[in-house]
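Below you'll find the structure, written out as structure tokens, and then a few comments.
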Amino acid sequence: MANSGPFQYGDRVQLTDAKRRHFTIILEPGGALHTHKGIIPHDEIAGKHEGTVYKTAMGGEYLCFRHLLVDHILSMPRGAAVIYPKDTAQILVEGDIFPGARVLEAGAGSGALSMALLRAIGPTGELISYEIREDHLEYAESNVDGWFGGRPDTWSPRLGDLKEVTLDDVGGQPVDRIILDMLEPWECLETCSKLLVPGGVFMTYVATVPQLMKVMEGLRELKCFTEPKAWESLVREWKVEGLATRPEHRMNAHTAFLIWARRLADGTVAPRPQRRARR
Ligand SMILES: C[S@@+](CC[C@H](N)C(=O)[O-])C[C@H]1O[C@@H](n2cnc3c(N)ncnc32)[C@H](O)[C@@H]1O
């Protein structure tokens, strides 16, 4: 599917009216959206540039843009809660998801993170996504296929429990990156240690403090990861209007914590972190 240029049939288009209400359509020949302000024929949008306004015969005005990935993620059907875009951004950069990377993900959930990972690994990478629930895997597959306009060659969605995955299941070669988003990731740490290449990055996304503590302790006990670090990211929007300029009153203050560690080479004992002596 095209990401820029004039609208084409098959594009997912967001129409925004004067009240900032959004209507999403997938352009198809002969299709039409019926609004209380008149009909919007798809054929009159196809071929137009993004960022143009369509005016209906009854005076309705609709600003037309293609869906961005964040629009799709926040509006798509979901079985499981999705990773918020602010956290996905952290995972892509801190997790060092590079073009050509082999990435293992679990659980696939609704496929939100899968889509961002697939974009980042590019056409030469590989993403293997495990999901334990069949109904959730169906959501992930339908959301990912809908966004890319078909199944990406680089994606291998699989029904299964990550705990039971072996090196043979991932092609006999350890993967470069592992990203977990699940209720009990500490149960999968030993498996992950066997599937991740030395130097590979492990990240997990957990919502609560007890989960955070269990993962941190689990990583330390295995003794084959660097000292893990943990953080959260807070994003606060601002209203910028003359003298009323100020932070917005409301924000998604807590989504989750991120935990990060790197796989040591087998047999390596990392130097103990030294604290500065107190005066
Ligand atoms: C919060 S959702 C993941 C959402 C996903 N990251 C997204 O952005 O759409 C957590 C998922 O992990 C799955 N899960 C839990 N334990 C699992 C395991 N051991 N192996 C594979 N999937 C698992 C659950 O069924 C659930 O769908």
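Start counting at 1 in the sequence shown, then tack on 5, and there's your number in my numbering. Heads up, the beta-carbon is just placed ideally off N, CA and C, and yes, glycines get one too. As the structure is a prediction and not an experimental result, all values here were calculated from the model.
- Counting only unbroken stretches of 4 or more residues, the alpha helix (DSSP H) elements lying wholly within the region 160 to 219 are 194 to 200, in sequence order.
- Boundaries of the alpha helix (DSSP H) around Q95: P90 to E99.
- Beta-bridge partners of K60 (DSSP): E66.
- Placement of the Cβ of L194 at a distance of 7 Å or more from every heavy atom of ligand 1 is found.
- Annotated three-state conformation of T40 is strand, per DSSP.
- Three or more Cβ pairs drawn from the region 158 to 172 and the region 185 to 199 lie within less than 8 Å of each other, which places the two stretches in contact.
- Relative to the non-hydrogen atoms of ligand 1, the Cβ of A117 comes within a distance shorter than 7 Å of at least one.
- In the three-state scheme derived from DSSP, where H, G and I count as helix and E and B as strand, S80 is classed as helix.
- A residue is called buried when at least 16 other Cβ atoms come within 10 angstroms of its Cβ; E139 does not meet this threshold and is exposed.
- Closest by C-alpha distance to L73, out of A121, P252 and V175, is A121.
- In this structure T213 is exposed. Its beta-carbon is surrounded by fewer than 16 other beta-carbon atoms within 10 angstroms.
- DSSP places T231 outside both helix and strand once states are collapsed to three, so it counts as coil.
- Excluding its 5 nearest sequence neighbours in each direction, Q95 has C-beta neighbours in its own chain below 7 Å: S238 and L263, listed in chain order.
- Secondary structure note for Y144: its alpha helix (DSSP H) is the uninterrupted segment E139 to F153.
- Taking the CA atoms as reference points, L142 sits about 43 Å from G64.
- At a cut-off of 7 Å, the beta-carbon of M187 counts as near ligand 1: some heavy atom of the ligand is closer than that.
- Burial check for V18: the Cβ neighbour count within 10 Å reaches 16 or more, so the residue is buried.
- Proximity of the region 169 to 183 to the region 145 to 156 falls short of the contact definition, fewer than three beta-carbon pairs being nearer than 8 Å.
- In the three-state scheme derived from DSSP, where H, G and I count as helix and E and B as strand, H259 is classed as coil.
- With contacts defined by Cβ atoms closer than 8 Å, R241 and M256 form a contacting pair.
- Here L73 carries a coil assignment [DSSP, helix/strand/coil].
- Taking C-beta atoms under 8 Å as the contact rule, S119 and L132 qualify, at a distance of about 6 Å.
- Exposed is the label assigned to T57, since fewer than 16 other Cβ atoms lie within 10 Å of its Cβ.
- The beta carbon of A111 sits closer than 7 Å to at least one heavy atom of ligand 1.
- Around the C-beta of P104, fewer than 16 other C-beta atoms lie within 10 Å, and the residue is accordingly described as exposed.
- Out of I78, G154, I126 and G247, the CA that lies nearest to the CA of Y14 is found in G154.
- Following the DSSP letters along the chain, one finds I133 in no alpha helix (DSSP H) but inside the beta strand (DSSP E) bounded by residues E131 to E136.
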